[in-house]
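Peer 1: Below you'll find the structure I mean.
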Amino acid sequence: MSSDTLNPPNPKEGEEQQPDAANNDNNNAGSISKKAAKKEAAKQQKLHSKAAAVAASLSSATSPDAPDPLAAHYGDVPLEELQSKAVTGREWTEVGSLTEELRDRTVLVRGRVQTVRAVSKKMAFLIVREKGLTVQCVLSVCPDVVSLGMVKFATGLSRESYVDVEGTVSVPDSPITGASQQVEIQVRKVYCVSKAVPTLPINIEDAARSEVEIDKALLAGEQLVRVNQDTRLNFRVLDLRTPSNQGIFRIQCQVENLAFCPLLGRRWNHDFNTGGELI
1 MSSDTLNPPN
11 PKEGEEQQPD
21 AANNDNNNAG
31 SISKKAAKKE
41 AAKQQKLHSK
51 AAAVAASLSS
61 ATSPDAPDPL
71 AAHYGDVPLE
81 ELQSKAVTGR
91 EWTEVGSLTE
101 ELRDRTVLVR
111 GRVQTVRAVS
121 KKMAFLIVRE
131 KGLTVQCVLS
141 VCPDVVSLGM
151 VKFATGLSRE
161 SYVDVEGTVS
171 VPDSPITGAS
181 QQVEIQVRKV
191 YCVSKAVPTL
201 PINIEDAARS
211 EVEIDKALLA
221 GEQLVRVNQD
231 TRLNFRVLDL
241 RTPSNQGIFR
251 IQCQVENLAF
261 CPLLGRRWNH
271 DFNTGGELI
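Right under this line is the structure:
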């Protein structure tokens, strides 16, 4: 047996370095994966801390013992503030002038609460009416903007209460079917100027319903509330708020102003507005 068979030739220099190169590649891959894992862990920790902060702010708002930092942004207007004082500089925007041109602007409107719809503890909708026109107001819980207490206060408002609503005008993606104006108010402040009784003797929606609608519902097997004439007369102040009566008296007013009063004025007639007592 020869010495070459017993002693195989030594591997070449390049062949000796191949296992070392493979080990280096494995070490590099391991270090990269560790760095990526650390980076991902730090990212998850940051997201977890942010979510915990939001949850803590919401939980503090829900706690009955914790004071609401936004308590000054809602509530009943004190009587002394309703009395005549110096000019405050506040300007109210009419509901009828709320259009898409006012997008992202802050407005202050005053009107009556026509409907209240609570979606959840954190979201509610108000329909505010002024001069027969309506706008949808949205309250959604947001830290440092809208609190749970504000949403609870808004959902507790009785219909036909007189309120001040301040917020930002927004344009929804889909058309609004429950209000006349095609914009929304993202509410930031809401105050009750004059609170209505919790239960009204008649609802404006029922009083505004025509006999044609009631007859169609009966044919379809549905039953709607019919407000009788005596009930309308007993609660005339509510019946006059229906769209039909508003239209009737607006036409009557314009006829008097444009035709009847000028005619009487040309004939030297005078108006006398008597007080509560006749002298």
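FYI, full-length UniProt numbering numbers position 59 of the sequence shown as 59, with every residue one higher than the one before it.
From the three backbone atoms N, C-alpha and C, an ideal C-beta is built for every residue, glycine too.
Between Leu126, Ala259, Lys121, which has its C-alpha nearest Gln186's C-alpha?
Peer 2: The option with the nearest alpha carbon to Gln186 is Leu126.
Peer 1: Under 7 Å, do Tyr74 and Val190 count as touching if we go by C-beta distance?
Peer 2: In contact: Tyr74 and Val190 (Cβ atoms closer than 7 Å).
Peer 1: Return the chain-ordered ranges of every beta strand (DSSP E) run that is complete within the segment 135-219 and spans a minimum of 3 residues.
Peer 2: List check, beta strand (DSSP E) in window: 162-170, 184-194.
Peer 1: Does Arg266 pass the burial test, meaning 16 or more other C-beta atoms within 10 Å, or should it be called exposed?
Peer 2: Under this definition Arg266 is an exposed residue.
Peer 1: Of the residues Lys121, Val87, Val128, Lys216, which one's Cα is nearest the Cα of Leu148?
Peer 2: Selected option, being the one with the closest Cα: Lys121.
Peer 1: Give the straight-line distance between the Cα atoms of Val165 and Ile176, rounded to the nearest whole angstrom.
Peer 2: Rounded to whole angstroms, Val165 to Ile176 spans 19 Å at the Cα level.
Peer 1: Do the CB positions of Gln114 and Thr99 come within less than 7 Å of each other?
Peer 2: The answer is no: Cβ separation not under 7 Å.
Peer 1: Bridge partners of Ser49, per DSSP?
Peer 2: According to DSSP, which records beta bridges pairwise, Ser49 is partnered with nothing at all.
Peer 1: Roughly how many angstroms separate the alpha carbons of Leu108 and Val183, rounded to a whole number?
Peer 2: Computed Cα separation, rounded: 14 Å.
Peer 1: For Gln246, I'd like the list of residues in its chain whose CB is within less than 7 Å of its CB, leaving aside the five on either flank, ordered along the chain.
Peer 2: Only Gly132 meet the Cβ criterion.
Peer 1: Are the segment 188-205 and the segment 152-165 touching by the rule of at least three beta carbon pairs closer than 8 Å?
Peer 2: A contact exists between the segment 188-205 and the segment 152-165.
Peer 1: Taking 8 Å as the threshold, find out whether the segment 230-239 comes into contact with the segment 200-214 through three or more Cβ pairs.
Peer 2: Enough Cβ pairs lie closer than 8 Å, so yes.
Peer 1: Assign Phe153 to one of two classes, buried (16 or more other C-beta atoms within 10 Å of its C-beta) or exposed (fewer than that).
Peer 2: Flag for Phe153 reads buried.
Peer 1: In terms of alpha-carbon separation, which member of Met123, Val145, Ser244 lies closest to Ala72?
Peer 2: Comparing Cα positions, the closest option is Val145.
Peer 1: Gly111 to Glu130, Cα distance in whole Å?
Peer 2: Rounded to the nearest angstrom, the two C-alpha atoms are 5 Å apart.
Peer 1: What are the start and end residues of the beta strand (DSSP E) that includes residue 280?
Peer 2: Nothing can be reported for residue 280, as the shown portion of the chain is limited to 1 through 279.
Peer 1: To the nearest whole angstrom, what separates the beta carbons of Ala208 and Thr242, a pair I think is in contact under 8 Å?
Peer 2: With 8 Å as the limit, Ala208 and Thr242 qualify as a contact, their Cβ atoms being about 4 Å apart.
Peer 1: What residues in its chain sit with their C-beta under 8 Å from that of Gln223, if we drop five residues either side in the sequence?
Peer 2: So the list reads Ala217, once near-sequence residues are dropped.
Peer 1: Could you spell out where the alpha helix (DSSP H) holding Gly265 opens and where it closes?
Peer 2: That run of the alpha helix (DSSP H) goes 261-266.
Peer 1: So, using beta-carbon positions, are Asp206 and Val225 closer together than 7 Å?
Peer 2: In this structure, Val225 lies closer than 7 Å to Asp206 by Cβ.
Peer 1: Could you please give the first and the last residue of the uninterrupted alpha helix (DSSP H) stretch that includes Ser244?
Peer 2: Run containing Ser244: 243-255, per the alpha helix (DSSP H) assignment.
Peer 1: If you draw a straight line from the C-alpha of Glu211 to the C-alpha of Thr93, how long is it?
Peer 2: Taking the straight line from one Cα to the other gives about 35 Å.
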